[in-house]
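Start counting at 1 in the sequence shown, then tack on 119, and there's your number in the working numbering. Each residue gets a CB set at the ideal place from its N, CA and C atoms; glycine is no exception. I have placed the structure first, in the form of structure tokens, so that the comments after it can refer back to it.
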Amino acid sequence: MYSAEISIKKSFAGRHVFLAGGTGFLGKVWLAMALERLEGIGRIYVLVRPGAQLSSQQRFENLINTSPVFKRLHERFGPQLSRHISQRVEVLEGDLAEPNLGLSQNTANRLQRNLDLAINCAGQVDFNPDIRKALASNVDTTMQLLRFLQRCDRASFLHVSTCYVAGNRQGRIDEVLNSNPLPLQQGFDPELELANARAASREISQSQDSAEVQEKLSAALEKLVERRPNNGNGDRSRFIKSYSRRWLREYLRREMIEEGKRRANRWGWQNTYTYSKGIAEALLSGQARDIRYTIVRPSIIESSFDYPFPGWNQGFNASAPLAYLLGTWFHLLPAKRDVPFDVVPVDMVCRALSVIGAALMLNRHAPVYHIGTSDRNRFTLGRACELTDLGHRRYLREKGKTTLERVLLSRWDAKLVDADHLFSTRNLRRAVVEMSDLIEDFPRLIRKRSVRLTHRLNKAEKQLREIQDLLEVYQPFIHDNFQIFCCRAIDSHPPLEPEFRFAPELIDWRKYWIEVHMPGLRRWVFPQFEGRSRELFHSDHPVSLTNGEELSPAVGNQKQRVLFARAEN
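Here you go:
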């Protein structure tokens, strides 16, 4: 393996890069960084699916003109940004899940002649989605892209996975591509498992017509119709038909989610996301031997360290839900203090992608890279909770909406407890349900006077159920597993340019968490948890790629508003 310095700028000069997932959290930051720092890059081909009302180019322009990630580019290039991007970016209308990526044959042929590198940041990032969506987004797309690249003249493949394909393995996790991808077992055949998972999904879909499911639907309908006033046969008939469709859709969604969980847990993965990523890696290692490729496994990707500015975030499935929860009256977190909490800023991951991409094009790459912090600058769950409390305390004391928030909630610190603590969410929910059942057994007169209490108990039970579901998703990462991800392979490629250096040792966790990450979550992520609109950037010189020239501010801003409204709908 080489240890000489690599000039990232020279390595990318004149090179043509295909980017999948360029509209996502990680992909956007890499794209902005490349457009700003890789001045000599050839073309960046960004694959974008068309929307219901927007073309792929319109979606991309809307992204450039409204996402704060691209604010630096607007400020640097001003009215020249349209030309700058047009000379470097080609938006491709297609779909990663389709053969030939949904591209026309002429476009596919052109790319296969010219591509030097493909970066795959795309995929489903929900922890426990419908298993069909997870397999389609994380497995099928990876294999379609692989098959496309295998027909290219010289393209290399950089596939972004996750450290947590390690599943429930414990201790130090090495940077290796295992012949057996299973976290805890032997005898795993990824192709057979994929076929079995699809067969199970088909069986679940067909079960909607079974007598058992129809009986459950009838019982639910009967219970609901009893509470609904009869406004005429036609109205009731329409209501029953509409409710039945909704009930069956929800039944199918729940069963598909549970099937994903069952299959993941059976093989030793924490959730459907890591299960699908594990299958993709296993298939890739077996079928990609005729091209140069590498697998990059980031840990938990979090708020930017300094690019495009400190604190940028839009990650809903990382630490944000837990951090938000700890800012409420909830304060008993089932977690272990010493568990490594391996978070890494998104811009440090993007620096690493550029370094690894350069090494891959130079044929100096390793098979696998971990991009995390637990091996080099360990951050623990206990420390994360302490700093989250301090971040909430500072905010609530200054900006709490009520006296109760400013005086009491600002001092209501989290406590780390075992999963079966007496006052765990599971036990509290059980107590609320039992109290509700008790009220049902009251005499009718007392029960009528208890309607308000019943309503409050039902609301509390719903909130506790949501918290319990959230904590169960996070339990492997904050309680069950002790994992340290070896992160040394990237040191073999020290970048000549300091702006591409991957240096997690520079992170001062107290400063980063309190002054960068928590304000970033509060500004960019928490509003969406609360149903508030996300903050947008509005450029004085909106980009148009039609002819590489900027629009006038008045016309451009009007176009932005129209496109954003369509995208939101």
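Beta carbon of residue i nearer than 8 Å to that of residue j
i           : j           : result
residue 601 : residue 289 : yes
residue 626 : residue 475 : no
residue 691 : residue 604 : In this structure the chain extends from 120 to 688, so residue 691 is not present and cannot be described.
residue 193 : residue 658 : yes
residue 236 : residue 136 : yes
residue 423 : residue 461 : no
residue 251 : residue 320 : yes
residue 313 : residue 419 : no
residue 362 : residue 340 : yes
residue 269 : residue 409 : yes
residue 445 : residue 452 : yes
residue 124 : residue 661 : no
residue 499 : residue 456 : yes
residue 443 : residue 648 : yes
residue 191 : residue 427 : yes
residue 414 : residue 487 : yes
residue 635 : residue 429 : yes
residue 184 : residue 391 : no
residue 400 : residue 323 : no
residue 382 : residue 489 : no
residue 404 : residue 296 : yes
residue 366 : residue 503 : no
residue 506 : residue 628 : yes
N- and C-terminal bounds of the alpha helix (DSSP H) containing residue i
i           : result
residue 468 : 465-480
residue 398 : 391-406
residue 260 : 260-268
residue 212 : Run containing residue 212: none in the alpha helix (DSSP H); it sits in the beta strand (DSSP E), 208-212.
residue 622 : It is not in any alpha helix (DSSP H) - residue 622 carries neither H nor E in the DSSP assignment.
residue 528 : Segment: none, residue 528 is in no alpha helix (DSSP H) and carries neither H nor E.
residue 315 : 309-325
residue 241 : Segment: none, residue 241 is in no alpha helix (DSSP H) and carries neither H nor E.
residue 203 : 200-205
residue 193 : 190-196
residue 642 : 637-643
DSSP state of residue i mapped onto helix, strand, coil
i           : result
residue 332 : helix
residue 586 : helix
residue 139 : strand
residue 185 : helix
residue 218 : helix
residue 350 : Because residue 350 carries a pLDDT of 47, less than 50, the predicted location of this residue cannot be relied on, and no value is offered for it.
residue 604 : strand
residue 489 : strand
residue 456 : coil
residue 534 : strand
residue 669 : Because the pLDDT of residue 669 is 45, which lies under 50, any placement of that residue in the model is unreliable, and the question is left without a value.
residue 167 : strand
residue 462 : strand
residue 614 : strand
residue 236 : strand
residue 499 : strand
Nearest-angstrom beta carbon gap, residue j and residue i [assumed within contact, 8 Å]
i           : j           : result
residue 412 : residue 275 : 7 Å
residue 215 : residue 264 : 6 Å
residue 222 : residue 211 : 6 Å
residue 281 : residue 360 : Actually they do not touch by this definition, with Cβ atoms about 43 Å apart.
residue 145 : residue 240 : 5 Å
residue 196 : residue 159 : Rounded, the Cβ-Cβ distance is 16 Å, inconsistent with contact.
residue 496 : residue 624 : 5 Å
residue 238 : residue 402 : In fact, because the Cβ distance is near 19 Å, the residues do not count as touching under 8 Å.
residue 477 : residue 127 : 5 Å
residue 166 : residue 213 : 5 Å
Closest residue to residue i among the options (Cα-Cα distance)
i           : options            : result
residue 143 : 433, 319, 256      : 433
residue 469 : 134, 129, 312, 154 : 154
residue 325 : 130, 368, 225      : 368
residue 696 : 307, 428, 176      : Look at the range of the chain in this structure, 120 to 688, and you will see that residue 696 is not part of it.
residue 528 : 535, 518, 536      : 518
residue 393 : 636, 592, 441, 631 : 592
residue 186 : 266, 147, 617, 246 : 147
residue 286 : 197, 431, 130, 384 : 384
residue 656 : 293, 208, 162, 180 : 180
residue 244 : 233, 228, 258, 331 : 258
residue 292 : 315, 494, 653, 209 : 494
Residue i, enclosing beta strand (DSSP E) - first and last residue
i           : result
residue 290 : 290-292
residue 451 : 451-453
residue 131 : From DSSP, residue 131 is part of no beta strand (DSSP E) but of the alpha helix (DSSP H) over 127-131.
residue 276 : 275-279
residue 415 : 412-417
residue 233 : Residue 233 -> not in any beta strand (DSSP E); alpha helix (DSSP H) instead, spanning 224-233.
heavy atom of the ligand GTP below 7 Å from residue i C-beta
i           : result
residue 314 : As presented, the structure is devoid of all ligands, the ligand GTP included, so that no description of it is given.
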